[in-house]
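Here the structure is laid out as structure tokens; the discussion comes afterwards.
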Amino acid sequence: MSSQRYALFPGCLMPTEQYAYELSLRASLPLLGIDLVDLPGLSCCGEPMKSVNQTLTLYLSARNLALAEQQGLPFYVPCPQCHLSLHETNLILQKNPAMLERINEMLKAEGLHYTGTTRLVHTIDLLYDTIGLDIIKKHVTNPLTGMKLVVHYGCHAIRPKELGRPDDSENPQKVEAILKTLGAEPITHYPQKLDCCGAPLLPNKPETALAKTGQKLQAIQELGASGVVDVCPWCHKMLDSRQTKAGETVAAKLDLPIVYLTQLLGVALGVDKEKLGFTLNLSPVHKLGLRSQP
Amino acid sequence: MTITDLTSMGEPQADARAEINDRLKRLQDHASDYCYQCAKCTSGCEAHKLLELEPHKIVALLKRGLITELVNSDVIWTCMTCMKCRERCPQQVAPIEILFAAKNLAVQSGKELPGKYTAMLQSILGTGLLQEVQTVTTAANATMTRDQLGLPPLSVPSDVAKFQASIMAIAMQKP
Ligand code: SF4
Ligand code: SF4
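Just so you know, the protein sequences line up as chains A and B, in that order.
The opening position of the first sequence corresponds to residue 1126 in this note's numbering, with each subsequent residue numbered one higher.
The opening position of the second sequence corresponds to residue 3 in this note's numbering, with each subsequent residue numbered one higher.
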């Protein structure tokens, strides 16, 4: 298997606190032929500032894309929010020469230039479309047998479809397909599947944000799922780290294991559990009965 | 005060309406004029389920040119950016983008930023990222840092002064 090089775009939340995502993708993707390259000089993608100043978002996204262009590498963007922001910036600057010129004028200060040639992937399409299920299957040594998992896609990974999302907006199934390849038995549909985790309200209405999380998790718990799989550091922060608090908002005792897709991928590929950050999950992941080797 | 109360007051402001529409056109293809008030956006709106946001009324305010009402309303800050309204609108209108434009205008007009936005902006200015690197707690209550976990050093802007100057310049300009 020939290896493919990708520059990693960590974003803000993953490299400053959601370490389980970063640890598990760094430990598992190389086994599937993905070489991750760390770039210096990166910053926030700007998406969280879109409410404050959209030009700032465009500038920050273009700035990071320009840094990837310098290396001539595609960007692997594990955070769906960053992925959306970078992608939307590409589309806007493609259609808008005046804005493109203005952004490039500003980028000169740091010796950067943006042309918009950087290809982007998120975890979902990297695994499903770039690597492919056949290759993944060949590398599974420790299948996730018997696990009835629910997938929480979050919003930015699937909407809006016109902005090149990694999976379908109304019936996403790629993560379920990946989980089946890893040996699990995903629950492919449930009524709250397309609902938000609540995280975008954190800066402004933290209590309401938690209520949103609580409502969704309560519904999933009633389905009888073994656990929830996510692909976004923001969603994970809500579903995993804040689960107990979220439960209080709906007067429910929530007790659901929440794991990153890349953590389960690592387990199925035979990576030592120690290297996948499971000690950092605050939800009861022990209930999944994961073992490092078969 | 709810948006319904707001629509019954106020004078249409043609200039401000044109400015928002201009801004939307620069950023995307959607035009609020095509909205026929079916409220499909509101039926799926995540913020509507918990708060008072009704995206079809946001579009109505813009169509009628009631921009001061739109920009001054606190409800524009409750959008959860789930993008269901943009995804599902049969007329390719994007209420979420109108909300972004309205929030940008509110900031530009000197309204105080709600919640944690100021802290987030300051953090980006100072470090390039939304927050500083955090020490986390494990399920067994031990504390861990990025270094202790064996992760490589954070990637951050190499010339912070130049990076800050660009951001400040954007903050001063008209978007
Ligand atoms: S914005 Fe679209 S979905 Fe919402 S009321 Fe108007 S036409 Fe209907
Ligand atoms: S993006 Fe905002 S306005 Fe649109 S449906 Fe979601 S919460 Fe409602």
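We put the beta carbon where it would ideally sit given N, CA and C, even for glycine.
Secondary structure, beta strand (DSSP E): runs of 3+ residues fully inside the stretch 1372-1405 of chain A: 1383-1385
Of the listed residues A108/B, I100/B, K164/B and A96/B, nearest to G128/B (C-alpha basis): K164/B
Contact list for L1181/A against chain B, beta-carbon separation under 9 Å: L123, I126, I169, I172, A173 and P177
Any C-beta of chain A under 7 Å from that of K113/B: no
One or two residues paired with D1160/A in a DSSP bridge: R1130/A
Cβ of Q1317/A within 7 Å of any chain B Cβ: no
Distance between beta carbons of K1262/A and T1313/A, contact taken as under 8 Å: Wrong, their Cβ atoms sit about 19 Å apart, outside the cutoff.
Given A1350/A as reference, the closest of V1276/A, M1363/A and T1404/A once Cα atoms are compared: V1276/A
Same chain, Cβ closer than 6 Å to R1244/A, neighbours up to 5 away in sequence not counted: P1199
Best match in V1177/A, P1155/A and S1149/A for proximity to Q1129/A [C-alpha to C-alpha]: P1155/A
Heavy atom of ligand 1 within 6 Å of H58/B beta-carbon: yes
Presumed contact (8 Å Cβ cut-off) between Q1418/A and G1402/A, rounded CB distance: Their Cβ separation, rounded to whole angstroms, is 18 Å, which puts Q1418/A and G1402/A out of contact at 8 Å.
Residue-chain proximity (E1147/A, chain B), Cβ-Cβ < 7 Å: yes
DSSP-derived helix/strand/coil call for I1283/A: coil
I98/B: CB within 6 Å of a non-hydrogen atom of ligand 3: As far as ligands go, the structure on display features ligand 1 and ligand 2 and does not contain ligand 3.
For V61/B, the residue or residues it bridges with in DSSP: In DSSP, V61/B forms no bridge with anything.
G1352/A, enclosing beta strand (DSSP E) - first and last residue: G1352 to D1355
Cα-Cα separation between K1233/A and G1339/A, rounded to whole angstroms: 46 Å
Beta-carbon gap between L1342/A and T1333/A smaller than 7 Å: no
Reference T117/B; option with closest CA among K1330/A, A1393/A, Y1146/A and H1208/A: Before going further, note that residue 117/B is Gly rather than Thr in the sequence given. It is K1330/A whose Cα lies nearest to the Cα of G117/B.
Proximity of I98/B and C87/B at Cβ, strictly below 7 Å: yes
Neighbourhood of V1373/A by C-beta, 7 Å cutoff - its chain only, sequence neighbours within 5 removed: A small correction: the amino acid at residue 1373/A is Glu; Val does not occupy that position in the sequence shown. Excluding positions up to five away in sequence, the list is empty.
Under 7 Å between C-beta atoms of C1094/A and G1279/A: Because residue 1094/A is not part of the residues shown, which for chain A are 1126 to 1419, the question remains open.
Whole-number beta carbon distance between V1265/A and L1386/A, since they are thought to touch under 8 Å: About 14 Å; that fails the 8 Å criterion.
CA-to-CA distance, A62/B to L55/B, given in whole angstroms: 13 Å
Length of the line joining the Cα atoms of P1135/A and L72/B: 35 Å
Cα-Cα separation between N1229/A and G1171/A, rounded to whole angstroms: 16 Å
beta-carbon K65/B near ligand 1 non-hydrogen atom, thresh 6 Å: no
Assigned secondary structure, M1224/A (DSSP; H/G/I helix, E/B strand, else coil): helix
Per DSSP, cross-strand counterpart(s) of L1274/A: G1352/A
Candidates M82/B, A103/B and K42/B, of which the one nearest Q94/B by Cα: K42/B
Alpha carbon of E1310/A to alpha carbon of T83/B, nearest angstrom: 31 Å
Limits of the alpha helix (DSSP H) - the one that T1306/A falls within: K1299 to T1306
Chain A contact residues for T44/B, given Cβ-Cβ distances below 8 Å: Here the premise fails: no neighbours, minimum Cβ distance about 15 Å.
Rounded straight-line distance, which links the Cα of L1211/A to that of K1412/A: 37 Å
Sufficient close CB pairs (3 or more, under 8 Å) joining the stretch 109-124 of chain B to the stretch 1157-1167 of chain A: no
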